[in-house]
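Chemist: The following block contains the structure, expressed as structure tokens.
Residue numbers (my numbering): 1 to 344.
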């Protein structure tokens, strides 16, 4: 009775030990499979040589405009979001002092002009009159000084005229005003404190970066499919317009800018500078061909072969191969669809 009680008490332990022991024996005696051996069943597929690049929206025509001089801002004719035309004036400085300076240099110019003309009239026969070389040299120096003074007066007028023109800030491109540092007239500004930014939305493009191993694949005119993060899965057509000859500065690694012109439709007005996305390029595509991973193809005496399963045996089979794209090699002959090959 005592023995029966012990068996009933520990029967679970006995059963657990039996199961563990059986598993250990099965694991030791089961056939071993070489983990390095891999099999592959041939199927037809499309081989695609493609590349995806990340980037963002940028614009070819974009300018940051600043006054050349400091002064009182008397007029602001544009605000953020305004559409402006090429050469349109955006703002002006106080021109009263500049106009006074212009009047002063014009007076100086006229004075020098009249002095020059009087000197020419007083000494028009100096080379023919009977006089010493010293006297003749003195007259020549006087005439040269009059000419130099007149030249300087002309330069002063040109400089004052430029300064007067620079009191107007105009845009060299058409586009949208995207930033105005000084939107209110009546404040004194410096060239550093009044910036107007204009971007032409008609010149936007997708800017992407390709490293030195990728950039050689591109050519002007290459087509791509762009998907911007802001528009979900909407596909936008793109065409490469330029490929940088020199690496882009301030980037990690050696990368080159690839500019892509984009064909816009119903989302034209919704695209903004700095929007990010990815563009996919297809360089080559071979449709519906037999292909296997390139690692399964072996070479022996300039001949390509694979290890093919025939029944339960492994048979060396010569194959004719085509192109290798993205790690897969095209099989032109020697194998059929659903054949099984192995690699170790």
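Every residue, glycine too, gets a C-beta built ideally from N, C-alpha and C.
Model, not experiment: these values are computed from the prediction.
1) Provide the residue(s) that pair with residue 106 in DSSP beta bridges, ordered along the chain.
2) Expressed to the nearest angstrom, what Euclidean distance is found between the alpha-carbon atoms of residue 59 and residue 95?
3) Would you tell me roughly how many angstroms separate the C-alpha atoms of residue 180 and residue 221, rounded to the nearest one?
4) Near residue 238, which residues of its chain fall below 8 Å by C-beta distance, leaving aside the five closest residues on each side in sequence?
5) Tell me the DSSP bridge mates of residue 309?
6) Would the beta-carbon of residue 185 fall within 9 Å of that of residue 53?
7) So what does residue 283 bridge to, in DSSP terms?
8) What does DSSP give as the partner residues of residue 258 in its beta bridges?
9) Need the endpoints of the beta strand (DSSP E) that residue 66 sits in, please.
10) Span of the beta strand (DSSP E) holding residue 154?
11) At least one CB of chain D closer than 9 Å to the CB of residue 140: is that the case?
12) Tell me whether residue 217 sits in a helix, a strand or coil according to DSSP, three-state version.
13) Identify every residue that forms a DSSP beta bridge with residue 40.
14) CB residue 48 to CB residue 330, shorter than 9 Å?
15) Under 8 Å: do the segment 290 to 309 and the segment 69 to 80 share three or more Cβ pairs, one atom per stretch?
16) Count the other CB atoms, across all protein chains shown, that sit within 10 Å of the CB of residue 121; report buried if there are 16 or more and exposed otherwise.
17) Three or more C-beta pairs under 8 Å: does that hold for the segment 96 to 108 against the segment 156 to 165?
18) Buried or exposed for residue 295, going by 16 or more other Cβ atoms inside 10 Å?
19) Taking residue 292 and residue 304 to be in contact with their CB atoms under 8 Å, please state how far apart those CB atoms are, rounded to whole angstroms.
20) One question on the structure: do residue 64 and residue 196 come within less than 9 Å of each other, judged by their Cβ atoms?
21) Leaving out the 5 sequence neighbours to the left and right, which residues in its chain are closer than 7 Å to residue 150 when beta-carbon positions are compared?
22) If you follow the beta strand (DSSP E) that residue 300 is in, where does it begin and where does it stop?
23) So which of 253, 157, 189 has the shortest CA-CA distance to residue 169?
24) According to DSSP, simplified to helix, strand and coil, what is residue 269?
25) According to DSSP, is residue 90 part of a helix, a strand, or is it coil?
26) Give the straight-line distance between the Cα atoms of residue 251 and residue 233, rounded to the nearest whole angstrom.
27) Am I right that residue 61 and residue 200 are in contact with their C-beta atoms under 8 Å? What's the rounded C-beta distance?
28) From residue 40 to residue 241, what does the alpha carbon distance come to, in whole angstroms?
29) If I follow the unbroken beta strand (DSSP E) through residue 76, where does it start and stop?
30) Just reading off the beta strand (DSSP E) that residue 320 is part of, what are its end residues?
31) Mapping DSSP to helix, strand and coil, what is residue 97?
Modeler: In brief:
1) Residue pairing from DSSP leaves residue 106 without any beta-bridge partner.
2) Cα to Cα, residue 59 sits roughly 34 Å from residue 95.
3) Looking at the two C-alpha atoms, the distance is approximately 37 Å.
4) Answer for residue 238: 206, 223, 224, 225, 226, 260, 261, 262, 263, 279, listed in chain order.
5) Residue pairing by DSSP places residue 309 opposite 314 in a beta bridge.
6) No, the pair does not count as a contact, with Cβ atoms beyond the cut-off.
7) In the DSSP assignment, residue 283 is bridged to no other residue.
8) Beta-bridge pairing links residue 258 to 208, 243.
9) Run containing residue 66: 62 to 66, per the beta strand (DSSP E) assignment.
10) Per DSSP, residue 154 lies in no beta strand (DSSP E) segment; the continuous alpha helix (DSSP H) that holds it begins and ends at 133 to 166.
11) Of the protein chains in the structure, only one exists, and it is not chain D.
12) Note: residue 217 maps to helix in three-state DSSP.
13) Under DSSP, residue 40 takes part in a beta bridge, and its partners are 341.
14) In this structure, residue 330 does not lie closer than 9 Å to residue 48 by Cβ.
15) No contact exists between the segment 290 to 309 and the segment 69 to 80.
16) Burial call: exposed.
17) Counting Cβ pairs under 8 Å, three or more are found: they touch.
18) Residue burial annotation: residue 295 is exposed, with fewer than 16 other C-beta atoms found within 10 angstroms of its C-beta.
19) About 11 Å; that fails the 8 Å criterion.
20) The answer is yes: Cβ separation under 9 Å.
21) Beyond the five residues adjoining it in sequence on each side, residue 150 comes within less than 7 Å, by CB distance, of 112, 113, 116 in the same chain, given in chain order.
22) Note, residue 300: beta strand (DSSP E), 298 to 300.
23) The option with the nearest alpha carbon to residue 169 is 189.
24) Taken through DSSP and simplified to helix, strand or coil, residue 269 comes out as helix.
25) Assigned with DSSP and collapsed to three states, residue 90 falls in strand.
26) If I take the Cα positions, the gap works out to 29 Å.
27) Contact between residue 61 and residue 200 holds: their C-beta atoms lie close to 4 Å from each other, under 8 Å.
28) Going by C-alpha positions, residue 40 is about 42 Å away from residue 241.
29) DSSP places residue 76 in the uninterrupted beta strand (DSSP E) bounded by 71 to 76.
30) Residues 320 to 325.
31) Residue state, collapsed to three classes: helix.
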